[in-house]
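Novice: The following block contains the structure, expressed as structure tokens.
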Amino acid sequence: MRNVVILWLATTVVVEGQVSRWKKPPPQPSRYFVNVVNGLSYHSLDVHCQSKDDDLGYHHLVNHGDYFQWNFEENFFGTTLFWCRLEKSDAYVAFESFWPESTNRWLRDRCGNQGTCVWIAKDDGIYLRNIPVNVDELVHKWISK
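With mature numbering (1 follows the signal peptide of the UniProt record, and there is no 0) applied, the sequence shown corresponds to residues -17 to -1, 1 to 128, in that order.
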């Protein structure tokens, strides 16, 4: 009987340890990196990104492959929000480039475990690189001027 109790206790400890591991959310990066890349065929790209607290200035990305990057830590309340306006000679788009996510992890899932979000301006719109599967996903279409 004693062996049965010990086996039951050992099984309970192992199972509970596994269950508690399953309930933990995946680790969050402590620092995020956001990149805006000029993936346009024949245009330069003007980029202006900011948050409520930080204006990151205007950046002129002349060549295909040029990029602008910034990094930050989310605020204590998890409400960090950045938005950008991207403009080429004949069109523009304004969008949120990083936003709070409490239950839906759409953005964080695409930025990967390292917390690197890559927005790419292409001829037909703005794409977000889905880093875990290495695919660019169209998120925003250009708005004609």
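Where a beta carbon is used, it is the ideal one built from N, C-alpha and C, also for glycine.
Identify the continuous alpha helix (DSSP H) that holds L90 and give its terminal residues.
Specialist: Residues W89 to C94.
Novice: When the distance is taken between beta carbons, is C32 closer than 7 Å to L23?
Specialist: Taking 7 Å as the Cβ cut-off, L23 and C32 do not qualify as a contacting pair.
Novice: Out of I114, N113, N117 and K105, state which residue places its alpha-carbon closest to the alpha-carbon of P124.
Specialist: Reading off the sequence shown, one finds Lys at residue 124, where the question assumed Pro. Comparing Cα positions, the closest option is K105.
Novice: Buried or exposed: where does R112 fall if 16 or more other Cβ atoms within 10 Å of its Cβ makes it buried?
Specialist: By the 10 Å Cβ count, R112 comes out buried.
Novice: Going by DSSP, what residues sit across from Y110 in a beta bridge?
Specialist: BP columns for Y110 point to I103 and L121.
Novice: From this set, F81, I126, L44 and S72, which residue's C-alpha is nearest N21's C-alpha?
Specialist: Comparing Cα-Cα distances from N21 to each of F81, I126, L44 and S72, the minimum goes to L44.
Novice: Please report the straight-line C-alpha distance between V122 and P12, rounded to a whole angstrom.
Specialist: Roughly 23 Å separates the two Cα atoms.
Novice: To the nearest angstrom, how far is the alpha carbon of L64 from that of Y25?
Specialist: Between L64 and Y25, the C-alpha separation is close to 31 Å.
Novice: May I ask you to report which of helix, strand or coil DSSP gives Q97?
Specialist: Reduced to three states, the DSSP call for Q97 is coil.
Novice: In or out: S127 buried (at least 16 other Cβ within 10 Å) or exposed?
Specialist: S127 is exposed by the Cβ-count criterion.
Novice: CB-CB under 7 Å to G98, same chain, minus the five flanking residues each way: which ones, in chain order?
Specialist: Excluding positions up to five away in sequence, the list reads P12, R14, Y15 and F16.
Novice: Run through DSSP, which three-state label would R68 get?
Specialist: Strand at R68.
Novice: Closer than 7 Å by C-beta to P83: which residues in its own chain qualify, once you throw out the five before and the five after it? Chain order, please.
Specialist: Closer than 7 Å at Cβ, skipping near neighbours: G61, T62, T63 and L64.
Novice: Please classify K35 as buried or exposed, where buried requires at least 16 other C-beta atoms within 10 Å of its C-beta.
Specialist: Counting Cβ neighbours within 10 Å, K35 comes out exposed, since fewer than 16 surround it.
Novice: Can you grab the Cα-Cα spacing for the pair G(-1) / C94, in whole Å?
Specialist: Because the pLDDT of G(-1) is 48, which lies under 50, any placement of that residue in the model is unreliable, and the question is left without a value.
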